Amino acid sequence: MDNTRMPGSHRNMSKIPKWTYDEMKQTGVDYASVEEVQRYDEMHQRFRDYEKDSDAIIKLLELNSKSTVIDMGAGTGAFALHSAKHCRKVYAVDVSSAMLNRCRKKVEEMGLSNVLYCHGGFLTYEHEAEPADAMVSIAVLHHLPDFWKLVGLTRAAEMLKAGGRFFLFDIVFPPEATELEDRINTWIRSIAKQSGRELAAEAEIHIREEYSTYDWIMEGLLERAGFEIENAEYGDGFQATYICIRR
């Protein structure tokens with residue numbers, strides 16, 4: 001049975017205003033492509049430790065066997081797969097059907113049955129269940145322009161119970177624009193050295209075609225969407241991590 005729309009679902013397209021941003025439209029790398037998704041998964045597994053990263057997030061969000069969590073932008077299941085071993089239920093949400101199908105295959109190979117799938121995103125996913133305990137979003141929000149980031153984050157807050165926790169990771173820029181060009185060039189060279197030219201090329205696409213914003217804007221968006229920022233960390237290479245509480 002195809003459960004990509006249970007119990008969360010994609011918004012009825014006929015009810016979405018025509019002026020709404022099309023989050024299904026691929027920007028940057030085309031993750032609607034099955035071949036691109038396979039390449040993505042193979043490449044990222046060479047330099048990422050999915051299980052270690054997921055365990056750290058689970059600890060930060062204080063998830064347990066009674067928890068329900070929404071993985072917004074689940075991709076190929078980097079977090080969903082490992083969190084399903086610890087949580088009662090995981091909602092894997094992604095705008096790419098190809099990504100979701102690969103996620104589903106990996107979850108089924110592990111013999112897990114507590115992951116539910118939905119083809120959607122910040123703007124189109126309808127959480128037709130009790131508010132979740134937590135949400136995780138890793139390198140997803142930059143696909144939306146800033147106006148739509150606030151719309152998406154506000155919808156995300158509404159999917160969480162009061163006091164629910166939100167883990168957000170993305171590429172976010174500092175306000176010192178005078179040194180930004182040099183820092184971006186240094187970042188891309190560092191990626192090429194550490195992870196290969198292929199990933200560095202994706203970073204160039206990210207800068208050129210996607211919608212990463214400034215740190216002060218991101219913090220304001222989160223607060224206005226209904227979150228309290230418990231912790232914000234800005235690391236090397238413009239990597240930003242936010243732990244938030246739904247007010």
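Residue numbers for the sequence shown follow UniProt numbering, so the first one is 1 and each next one is one higher.
Glycine included, every Cβ here is placed at the ideal spot set by N, Cα and C.
If you're wondering where the values come from, they're calculated on a predicted model, not measured in any experiment.
Distance, residue j Cα to residue i Cα
| i | j | result |
| --- | --- | --- |
| V95 | D30 | 11 Å |
| E62 | F147 | 31 Å |
| V93 | N64 | 20 Å |
| R246 | E130 | 15 Å |
| M24 | H143 | 10 Å |
| S54 | R39 | 21 Å |
| K15 | M159 | 19 Å |
| residue 249 | F238 | In the structure as shown, the chain starts at 1 and stops at 247, and residue 249 therefore has no counterpart that could be examined. |
| L221 | F227 | 9 Å |
| T4 | F122 | Because T4 sits at a pLDDT of 41, beneath the cut-off of 50, its placement in the model cannot be relied upon, and the following sentence gives the value as read from the coordinates. Going by the C-alpha atoms only, they are around 16 Å apart. |
| V107 | Y91 | 12 Å |
| D49 | R189 | 22 Å |
| E109 | E202 | 29 Å |
| R197 | E204 | 10 Å |
| I184 | T178 | 12 Å |
| E230 | L180 | 27 Å |
Closest residue to residue i among the options (Cα-Cα distance)
| i | options | result |
| --- | --- | --- |
| T20 | A177, V151 and L63 | V151 |
| H44 | I191, I229 and M218 | I191 |
| M99 | V140, N185, E209 and K149 | V140 |
| H82 | E179, A225, E51 and E128 | E51 |
| Y234 | R48, E198, S54 and W216 | W216 |
| G163 | I57, D182 and M135 | M135 |
| K149 | S212, G111 and T178 | S212 |
| A157 | A201, H127 and E198 | H127 |
| D22 | G120, S33 and E42 | G120 |
| D236 | E210, E209 and P174 | P174 |
Boundaries (first-last residue) of the beta strand (DSSP E) holding residue i
| i | result |
| --- | --- |
| F166 | L160 to I171 |
| S195 | Element bounds for S195: not the beta strand (DSSP E) but the alpha helix (DSSP H), L180 to S195. |
| A240 | Q239 to R246 |
| Y91 | K89 to D94 |
| A134 | A132 to I138 |
| Y117 | V115 to H119 |
C-beta atoms of residue i and residue j nearer than 8 Å
| i | j | result |
| --- | --- | --- |
| H206 | G73 | no |
| R155 | I243 | no |
| A80 | N114 | no |
| S67 | R46 | no |
| L153 | A240 | no |
| A232 | E223 | no |
| I57 | H86 | no |
Nearest-angstrom Cβ-Cβ length linking residue i and residue j, presumed shorter than 8 Å
| i | j | result |
| --- | --- | --- |
| V172 | Y214 | 7 Å |
| L168 | S137 | 5 Å |
| G77 | C103 | 4 Å |
| D170 | V69 | In fact, because the Cβ distance is near 18 Å, the residues do not count as touching under 8 Å. |
Boundaries of the alpha helix (DSSP H) in which residue i is found, first to last residue
| i | result |
| --- | --- |
| Q38 | V34 to H44 |
| N231 | Where N231 is concerned, there is no enclosing alpha helix (DSSP H), although the beta strand (DSSP E) it sits in stretches over F227 to Y234. |
| L81 | A80 to S83 |
Contact with chain B by residue i, beta-carbon distance below 8 Å
| i | result |
| --- | --- |
| N114 | As a matter of chain content, chain B is missing from the structure shown, which is built from one protein chain. |
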